[in-house]
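Notes follow once the structure below has been shown.
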Amino acid sequence: MAADTVSLRYFLVLAQELNFTRAAARIGIAQPALSARMRRLEAELGTALLVRSTRSVVLTTAGAALAESAPPALAALDRAWDTARSAAAGELGRLRIGYSLSAGAETAPALVDRLIRGNSGLEVGAVPMATPEITPAVADGRIDAGITRGEQPGRGVRRFLLRRARVGVQLAQHHPLAEHPEIEIADAAAYPLRLPDRAANPAIHDQLSGLFRDIRPHPRFHTPAVSFDMSQRDLRDGVTLAPAGEVAVTAQPAGLTWRPLRGAPSMTIHLVLPREQSPLHLRIRAVARALAHELHWLPD
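In the UniProt record's numbering, the protein residues as written are 1 to 300.
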């Protein structure tokens with residue numbers, strides 16, 4: 001049976017000092033207690049480690065061998081303890097994050113960067129996903145966490161509000177409404193409104209289209225044939241306006257700008273985690289909470 005590590009560490013101090021009084025003072029224990037520890041260590045190993053006299057302490061051959069071999073062994077053991085503690089604290093492992101394209105402009109990169117910078121033992125991979133696929137993928141373990149816009153439906157997960165942003169419209173810089181710091185909802189509704197396909201994100205599609213539910217006459221909605229994030233020619237030409245959250249500003253294509261809609265409710269971005277959470281999930285939650293506070297993503 002291996003000797004206890006406390007006695008072994010005490011022995012290494014004594015091997016350096018070769019004096020019980022100085023070694024005991026350096027360790028911070030009484031000299032008799034140190035002597036008792038050394039006798040117990042020798043009994044456990046079944047051999048003498050020290051030759052004691054009233055004037056000196058000398059290492060035996062076994063003592064010298066132990067003094068040479070013990071430090072790297074203790075260092076390896078310390079690393080093992082640190083690794084276990086890091087894993088228990090969620091600072092070690094492989095993390096897979098799925099995010100919707102709209103969250104990829106700023107929110108997802110900021111969270112991934114903070115996770116990597118704050119946890120050197122954490123390997124983080126992030127992939128864009130269709131919004132309706134993210135919650136089921138978190139629930140069945142295909143990914144560890146998700147970032148989505150809106151209160152996406154689904155079971156087996158917990159959602160945490162990560163960000164709240166104003167709702168406005170993207171429009172061409174030369175558009176007449178771009179002259180206003182804020183745009184009335186009714187004024188925006190006078191133009192064709194560009195919305196993503198509802199199948200791509202039902203919750204956000206319904207929230208954005210719902211802004212204009214009470215406007216008469218009903219506005220004209222335009223759904224592009226390709227991804228909302230890929231082609232914006234009709235916006236640049238001033239033909240349409242695109243209702244969008246404030247985060248659109250961070251990835252503003254050339255020729256476009258963003259203006260808030262007066263009186264519109266805010267848009268939300270959520271962190272999605274499994275209902276049963278490991279230390280790794282708790283770490284993600286803690287980092288996300290701190291990041292949201294630091295970047296003022298949520299009201300105080």
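Ideal Cβ positions, reconstructed from N, Cα and C, are used throughout, including at glycine.
Cutoff 8 angstroms; reference residue i; Cβ partners in own chain excluding five residues on either side
| i | result |
| --- | --- |
| Ala48 | Glu42, Thr60, Ala62 and Gly63 |
| Phe72 | Note that residue 72 corresponds to Pro in the displayed sequence, not to Phe. Result list for Pro72: empty, nothing under 8 angstroms. |
| Pro299 | Arg164 |
| Arg233 | none |
| Ile27 | Tyr10, Val13 and Leu34 |
| Glu123 | Gly93, Arg94 and Leu95 |
| Ala24 | Ala30, Gln31, Ala33 and Leu34 |
Distance CB(residue i)-CB(residue j) smaller than 7 angstroms
| i | j | result |
| --- | --- | --- |
| Ala248 | Trp258 | yes |
| Gly93 | Arg275 | no |
| Leu8 | Phe20 | no |
| Thr223 | Ala105 | no |
| Ile147 | Ala110 | no |
| Ala189 | Pro219 | yes |
| Arg158 | Leu273 | yes |
| Arg194 | Thr240 | yes |
Alpha-carbon spacing of residue i relative to residue j, whole angstroms
| i | j | result |
| --- | --- | --- |
| Arg163 | His174 | 30 angstroms |
| Ser266 | Ala244 | 10 angstroms |
| Arg52 | Asp82 | 36 angstroms |
| Val167 | His293 | 20 angstroms |
| Asp140 | Arg198 | 24 angstroms |
| Gly46 | Ala286 | 50 angstroms |
| Pro202 | His270 | 15 angstroms |
| Asp144 | Arg22 | 53 angstroms |
| Leu211 | Ser278 | 39 angstroms |
| Pro217 | Phe160 | 37 angstroms |
| Leu261 | Gly98 | 29 angstroms |
| Ser100 | Pro176 | 31 angstroms |
| Gly263 | Arg79 | 56 angstroms |
| Arg213 | Arg85 | 54 angstroms |
| Ile215 | Ala103 | 29 angstroms |
| Arg37 | Leu77 | 21 angstroms |
| Arg39 | Gly121 | 41 angstroms |
| Thr5 | Ala288 | 38 angstroms |
| Glu246 | Pro153 | 23 angstroms |
| Leu50 | Ile284 | 51 angstroms |
| Ser69 | Thr54 | 28 angstroms |
| His180 | Glu151 | 30 angstroms |
| Pro196 | Leu282 | 33 angstroms |
| Leu74 | Leu295 | 42 angstroms |
| Arg149 | Ala178 | 25 angstroms |
| Pro253 | Gln170 | 10 angstroms |
For residue i, three-class secondary structure by DSSP
| i | result |
| --- | --- |
| Arg194 | strand |
| Trp258 | strand |
| Met1 | Caution is warranted here: a pLDDT of 44 is assigned to Met1, below 50, making its placement in the model unreliable, and the coordinate value is therefore given only provisionally. Three-state DSSP puts Met1 in coil, outside helix and strand. |
| Glu294 | helix |
| Leu49 | coil |
| Gln16 | helix |
| Leu211 | coil |
| Thr38 | The displayed chain sequence assigns Met, not Thr, to residue 38. Residue state, collapsed to three classes: helix. |
| His174 | coil |
| Gly168 | strand |
| Pro274 | strand |
| Arg216 | coil |
| Ile183 | strand |
| Thr54 | coil |
| Arg94 | strand |
| Pro128 | strand |
| Glu133 | helix |
| Glu151 | coil |
| Gly146 | strand |
| Pro32 | helix |
| Gly245 | strand |
Sequence-distant residues of its chain with Cβ nearer than 6 angstroms to residue i (five each side left out)
| i | result |
| --- | --- |
| Arg236 | Ala172 and Gly255 |
| Trp297 | Arg163 |
| Met129 | Gly98 |
| Leu18 | Val57 |
Sequence-distant residues of its chain with Cβ nearer than 7 angstroms to residue i (five each side left out)
| i | result |
| --- | --- |
| Met67 | Note that residue 67 is Ala in the sequence shown here, rather than Met. If we look at Ala67 and ignore the five residues flanking it on each side, its Cβ neighbours are Leu12, Ala15 and Leu59. |
| Ala126 | Ile97, Tyr99, Ala108 and Val112 |
| Pro192 | Arg220, His222, Val239 and Thr240 |
| Arg142 | none |
| Val138 | Ala145, Gly146, Val157, Val272, Leu273 and Pro274 |
message = Assess contact between the region 177–189 and the region 114–130, defined as three or more Cβ pairs (one per stretch) separated by less than 8 angstroms. Is contact present?
response = no
request  = Pair every Cβ in the region 204–219 with every Cβ in the region 134–141, then say whether three or more of these pairs are closer than 8 angstroms.
outcome  = no
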